[in-house]
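Chains as they are written, first to last, in our numbering: chain A, 225 to 650; chain B, 1230 to 1548. Just so it is clear, CB atoms sit at the ideal spot from N, CA and C, and this is done for glycine as well. Below is one structure, written out as structure tokens; the observations come after it.
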Amino acid sequence: MDLIFANARLIDPETQEDAPGSLRVTNGRISGRGAPDEPAPEGGTVIDCGGRALAPGLIDWGVKIGEPGERHKESFRSAGRAAAAGGVTTMIARPDTIPPIDTPEALEFVARRALDAPVNIHHMAALTKSREGREMVEIGFLTDLGAVAFTDGVRVVRDTKLLSRCMTYARGLDALIVGHPQDPGLSQGAAATSGKFASLYGIPSVSPMAEVIGLDRDLALVAMTRCRWHADQITTAGALPALGRARQAGLDITAGISIHHLTLNEFDVGDYRTFFRFTPPLRSEDDRQAMVQAVADGLIDVIASFHTPQDEESKRLPFEAAAPGAVGLQTLLPAALRLYHQGGLTLPQLWRAMSLNPARRMKLPSGRLSTGAPADLVLFDPDAPFLMDRFTLLSKSKNTPFDGARMQGRVLGTWVAGRRVHGDDA
Amino acid sequence: MSFRARHLLGIDHLKPDEITSLLDLAEDYVALNRRTVKHSDALEGLTQINMFFENSTRTQASFELAGKRLGADVMNMAVSQSSVKKGETLIDTALTLNAMQPDLLVVRHPHSGAVNLLAEKVNCAVINAGDGRHEHPTQALLDALTIRRAKGRLHRLTVAICGDIAHSRVARSNLILLGKMENRIRLIGPATLMPSGVAEMGVELYEDMREGLKGADVVMMLRLQRERMDGGFIPSEREYFHRWGLDAEKLALAAPDAIVMHPGPMNRGVEIDGTIADDINRSVIQDQVEMGVAVRMAALDLLARNLRAERGRAATGEV
């Protein structure tokens, strides 16, 4: 049966168009586009979008789910509900669980558990056994089972010989490796970016140069091994030239950034507010603005929430002792809209970074509005204002830096393969 | 007889006709070795010293037997347990040994090029029994003899060499020999175990074993060293066997009459399925061991002839 989204403002990240229209869905796939007032075919259902924005559902790359090991912080079910409410139709789950996803058996376990969630979930696997940086995981078996990428998360593989072998081995399987560009020595123990703020507040800090050093090292290894590689987070202006050069040299690389580094800066930490503690730490306002521009230019490919649920006790600690990270599945969209309302980025530019690019990088058919793509969609009102109350979040953990913030953007409905998973009649 | 070399340090310095004449002579020794009385006096009165700076059972036994069947006085020195431990340098060991007037020196050493260095310092003929990741010429020659006997020729064959190419001196010597004899060579293995620059050596590279085995006449498996199995170069034994282990399904892609070789010792279930190794219709692994003794007899014999000729020239004042 056909489903018609009529009278919509279609946000198309492929064509970079933001225009009125209608979208037709047949058997869970997008089957065509038409005028805003396209008449419904025989037996079809019409959803009147009322001129609101209809875009591909978000693909959130790097979601931490507490299973296995920390189910009290987040489960597949709770994360899935939060995702649906946030317009996220695909979560790319991180492997830094307890224990990590470093064997085919562990991957099969989370793949089964993921059936609890109403949205799509793909899994990344660890790059090294126990994420200890000593032995590579079974990249072949894990790829066969559907692992979309390999990463040790924020733990940097220090042994360059081992990392180069992991990359070489992965190249043969066309597997994607996700790195965390950071010099582990310099950034050891740091909770803020070096500068006036960190010095005034006495927080252990790291120079933004640690990111440049880490990126330079990793890019040299990519040039040596020619593997497919993605930088999880590039957050400093100083790292951009190296990224641009490597891309010009034809390396198969992409880069991401967290929504928090695009919308917050180091001063937001204020009076040691631990919900603003991130890895890497929040940067200067100059860096933040440079990153927004880099997303607009396409040098940074992916924006993600890096959803990291932490329980209250993990955050109710002195700043430098508190656990880093924030939940983000439900705040990714309204936080990203801040960049739209401030005029830095258009909606199609945002959706290129939040749906199309992650899909392309992981060879998923979703993340676009073209015919044949899965009908993973989000309908939202980009202007609706609201005051964020962290206790309204559906995640088990409520650690958001946007608590009490004025935001704009309300998700009216979310569809996964044409099935409504959030909204009035979900 | 067109074998002109003074030493057998590698395949690299041999000409195709030298290889052929060595293999032809080895055929005679195969016949000799199958007799009840396996004795010749080709090396009568000569002294052969086997110096193994690296542990070896099979190769050392093969050389010892080869020397004894030809009538040489054979001495084994397990150098790894002796003077080297006391700090003596390789050159001092060689000079000490040279003073004992050996005629044939068989040397294995863990460092590439060590046997060449030693050969410069002694007055006898030297055979390289394996140096580091460099060469293992008698292995390549025994493989060549095995192939020639099984396939009836040693040219225009498609030979797939599979496994740990990067660390294998067997692979290097075979690559050179089979290349000299005008065969098509394919190297198969994980990129982590493929030496760099090998693509420029006139071989075809395959990471996908199924692709690489298609239509191969000879499938040569290499041993995967234990220390390379866990995480460093490959993730695990089971993933290695899944992707690069020779089993019936993968072997079915090779030519119907393809032979399977392995230099030994084998890791059953890691690089080769035990049933393939034991399949007398496909596996020539036991033939390789037999050919090993014959090829080594031929090599010792030829080097001894050249040594005698050289000494004869020196005695009569010829240059």
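Taking 8 Å as the threshold, the shortest C-beta distance from residue 365/A to chain B falls below it. Going by C-alpha positions, residue 471/A is about 42 Å away from residue 537/A. None of the residues of the stretch 1370-1382 of chain B has a beta carbon lying less than 9 Å from any beta carbon of chain A. Neighbours of residue 1472/B in chain A, taken as residues at a C-beta separation under 8 Å, are given in chain order as 364. Ranked by Cα distance from residue 399/A, the options 641/A, 365/A, 442/A are led by 365/A. Cβ neighbours of residue 568/A within its own chain (closer than 7 Å, five residues either side excluded): 516, 520. Against chain A, the CB of residue 1420/B has a partner CB under 8 Å away; the residue lies at that interface. Between the alpha carbons of residue 1379/B and residue 1406/B lies a gap of roughly 17 Å. Counting only runs of at least 4 residues, the stretch 474-551 of chain A fully encloses the following alpha helix (DSSP H) elements, listed from N- to C-terminal order: 483-487, 509-521, 536-539. By the C-beta density criterion, residue 1510/B is exposed, having fewer than 16 other C-beta atoms within 10 angstroms. Distances from the alpha-carbon of residue 255/A to those of 457/A, 229/A, 237/A, 573/A put 229/A closest. Of the candidates 1325/B, 1321/B, 1508/B, the residue whose Cα lies closest to the Cα of residue 1488/B is 1508/B. Residue 576/A and residue 526/A have their C-alpha atoms spaced approximately 8 Å apart. Counting C-beta pairs with one atom in each stretch, the stretch 474-481 of chain A and the stretch 427-435 of chain A have fewer than three that are closer than 8 Å, which means they do not touch. Within the DSSP bridge table, the entry for residue 272/A names 230/A as partners.
Straight-line spacing of the CA atoms in residue 1498/B and residue 393/A works out to 21 Å.
With its beta carbon at least 8 Å from every one in chain B, residue 633/A lies outside the interface. A Cβ-Cβ separation of about 6 Å places residue 371/A in contact with residue 347/A under the 8 Å criterion.
Unbroken alpha helix (DSSP H) runs of no fewer than 4 residues, entirely contained in the stretch 1236-1266 of chain B, are found at 1245-1262, following chain order. Under the DSSP definition of a beta bridge, residue 610/A partners with 631/A. Put simply, the CB of residue 360/A is near chain B, with a gap under 8 Å to one of its CB atoms. For residue 1404/B, the uninterrupted alpha helix (DSSP H) segment begins and ends at 1398-1409. DSSP lists 1360/B as the beta-bridge partner residues of residue 1338/B. Burial check for residue 611/A: the Cβ neighbour count within 10 Å stays below 16, so the residue is exposed. The shortest CA-to-CA distance from residue 628/A to any of 644/A, 362/A, 482/A, 555/A is the one to 555/A. The DSSP-derived three-state label of residue 553/A is coil. Residue 1520/B: member of the alpha helix (DSSP H) spanning 1514-1544, first to last residue.
Spanning the alpha carbons of residue 1448/B and residue 1485/B requires a straight line of approximately 12 Å. Within 9 Å of the CB of residue 393/A, the CB atoms of chain B belong to 1419, 1420, 1421, 1462, 1463, 1464, in sequence order along the chain. A straight-line Cα-Cα distance of about 25 Å links residue 1434/B and residue 359/A. Within chain B, not a single residue places a beta-carbon under 9 Å from that of residue 452/A; the smallest gap is close to 14 Å. Per the coordinates, the alpha-carbon of residue 603/A lies some 44 Å from the alpha-carbon of residue 389/A.
One Cα belongs to residue 377/A, the other to residue 356/A, and the distance between them is close to 11 Å. When the Cα atoms are used, residue 539/A and residue 574/A turn out to be separated by approximately 30 Å. Within its own chain, the residues whose Cβ lies closer than 6 Å to the Cβ of residue 1409/B, once the five positions on either side in sequence are excluded, are 1245, listed in chain order. Cβ-Cβ separation between residue 552/A and residue 579/A: approximately 15 Å, too far for a contact (criterion under 8 Å).
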